[in-house]
Amino acid sequence: DVKVTQSSRYLVKRTGEKVFLECVQDMDHENMFWYRQDPGLGLRLIYFSYDVKMKEKGDIPEGYSVSREKKERFSLILESASTNQTSMYLCASSQQGVNTEAFFGQGTRLTVV
Amino acid sequence: AQKVTQAQTEISVVEKEDVTLDCVYETRDTTYYLFWYKQPPSGELVFLIRRNSFDEQNEISGRYSWNFQKSTSSFNFTITASQVVDSAVYFCALSEGGNTGKLIFGQGTTLQVKP
Numbered sequence: 048d049v050k051v052t053q054s055s056r057y058l059v060k061r062t063g064e065k066v067f068l069e070c071v072q073d074m075d076h077e078n079m080f081w082y083r084q085d086p087g088l089g090l091r092l093i094y095f096s097y098d099v100k101m102k103e104k105g106d107i108p109e110g111y112s113v114s115r116e117k118k119e120r121f122s123l124i125l126e127s128a129s130t131n132q133t134s135m136y137l138c139a140s141s142q143q144g145v146n147t148e149a150f151f152g153q154g155t156r157l158t159v160v
Numbered sequence: 048a049q050k051v052t053q054a055q056t057e058i059s060v061v062e063k064e065d066v067t068l069d070c071v072y073e074t075r076d077t078t079y080y081l082f083w084y085k086q087p088p089s090g091e092l093v094f095l096i097r098r099n100s101f102d103e104q105n106e107i108s109g110r111y112s113w114n115f116q117k118s119t120s121s122f123n124f125t126i127t128a129s130q131v132v133d134s135a136v137y138f139c140a141l142s143e144g145g146n147t148g149k150l151i152f153g154q155g156t157t158l159q160v161k162p
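Chains A and B supply the protein sequences, listed in that same order.
Take the position in the first sequence, starting the count at 1, then add 47; the result is the number in the working numbering.
Take the position in the second sequence, starting the count at 1, then add 47; the result is the number in the working numbering.
Right under this line is the structure:
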């Protein structure tokens, strides 16, 4: 059974903290993605990676960075958390190609106080 | 610019009713793919269907059916005889051009099926 696993379901962090969200996939997929989900806005792409150490900005990269040192792991980093980064974060992976479906993790609900 | 619009924010039906979720897209690509995902309360998005731009045949899978109309840039999803377990947020998505696998999502439609 294919699996994308996010390290936490719920996180509460303080403003200004550095926050790490971890994602691991076991399908040997080349592509990995971080999306942010907010009510009425759907899913918006923060960053994606198409290979180890390769990354590209998505639609809303400001305030975030990513790391992909190994193929199976893709980390999202909030350099200095702010309250407007309170949201649901979803990690996904897929094979290369325009027609491949993405597999999603269960999401991390982050609250910044 | 590429865009996906799901105009229905929330839909509420009674069990056994049929319900259609609308999806309208914009793209300049001639080859593209459209997807539907379901997000149950557990949070994980589940893939339902993929359709390429050259295949306008409708698809039926059990109680689910999809109507793709290129002329109106729509890819609508119908659930027949809805059940409480169908309650979820449903997302329509469009593949971005190129080989990146990036998806552009609509805003999502929350479906509530009442017993």
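Where a beta carbon is used, it is the ideal one built from N, C-alpha and C, also for glycine.
Keep in mind the model is a prediction, meaning the values are calculated, not measured.
Outcome for residue i when other beta-carbon atoms lying within 10 angstroms are tallied against a minimum of 16
i: A128 (chain B); result: exposed
i: T191 (chain A); result: Residue 191 (chain A) cannot be examined here, being either before or after the span of chain A that is shown, 48 to 160.
i: V51 (chain B); result: buried
i: Y97 (chain A); result: buried
i: S59 (chain B); result: exposed
i: A139 (chain A); result: buried
i: Q86 (chain B); result: buried
i: R83 (chain A); result: buried
i: S108 (chain B); result: exposed
As assigned by DSSP and simplified to three states, the class of residue i
i: D98 (chain A); result: strand
i: T130 (chain A); result: helix
i: D75 (chain A); result: coil
i: S141 (chain A); result: strand
i: K85 (chain B); result: strand
i: S167 (chain B); result: As displayed, chain B neither begins before 48 nor continues past 162, which places residue 167 (chain B) out of reach and without an answer.
i: S118 (chain B); result: helix
i: N99 (chain B); result: strand
Interface residues of chain B facing residue i [CB-CB closer than 7 Å]
i: L88 (chain A); result: Q154
i: F151 (chain A); result: E91 and L92
i: G63 (chain A); result: What G63 (chain A) touches in chain B: nothing, since even the nearest Cβ is about 27 Å away.
i: L58 (chain A); result: Neighbours of L58 (chain A) on chain B: none; closest Cβ ~14 Å, over 7 Å.
For residue i, the first and last residue of its enclosing beta strand (DSSP E)
i: E119 (chain A); result: That residue, E119 (chain A), is in no beta strand (DSSP E); it is neither H nor E in DSSP.
i: N146 (chain A); result: Run containing N146 (chain A): none; DSSP gives neither H nor E here.
i: C139 (chain B); result: A135 to S142
i: L158 (chain B); result: T156 to K161
i: E91 (chain B); result: No beta strand (DSSP E) holds E91 (chain B); DSSP gives it neither H nor E.
Chain-ordered neighbours of residue i on chain B, where CB pairs are closer than 8 Å
i: N146 (chain A); result: Y80, R97, N99 and S142
i: S127 (chain A); result: What S127 (chain A) touches in chain B: nothing, since even the nearest Cβ is about 26 Å away.
i: S141 (chain A); result: G148
i: G110 (chain A); result: Those within 8 Å of G110 (chain A) in chain B number zero; the least Cβ separation is about 20 Å.
Beta carbon of residue i nearer than 8 Å to that of residue j
i: Q132 (chain A); j: E77 (chain A); result: no
i: L92 (chain B); j: F138 (chain B); result: yes
i: A149 (chain A); j: G148 (chain B); result: yes
i: V59 (chain A); j: T158 (chain A); result: yes
i: F80 (chain A); j: L68 (chain A); result: no
i: C70 (chain B); j: S142 (chain B); result: no
i: G153 (chain B); j: Q49 (chain B); result: no
i: D75 (chain A); j: K118 (chain A); result: yes
i: Q153 (chain A); j: S89 (chain B); result: yes
i: K102 (chain A); j: V113 (chain A); result: yes
i: N123 (chain B); j: L68 (chain B); result: yes
i: R56 (chain A); j: R156 (chain A); result: yes
i: V136 (chain B); j: E62 (chain B); result: no
Neighbouring residues, chain A, relative to residue i (Cβ below 7 Å)
i: L150 (chain B); result: A149
Residues that residue i contacts on chain A, provided the C-beta gap is smaller than 8 Å
i: F138 (chain B); result: G89 and L90
Closer than 9 Å at the beta carbon, the chain B residues around residue i
i: F95 (chain A); result: T147, G148 and K149
i: N78 (chain A); result: T147, G148 and K149
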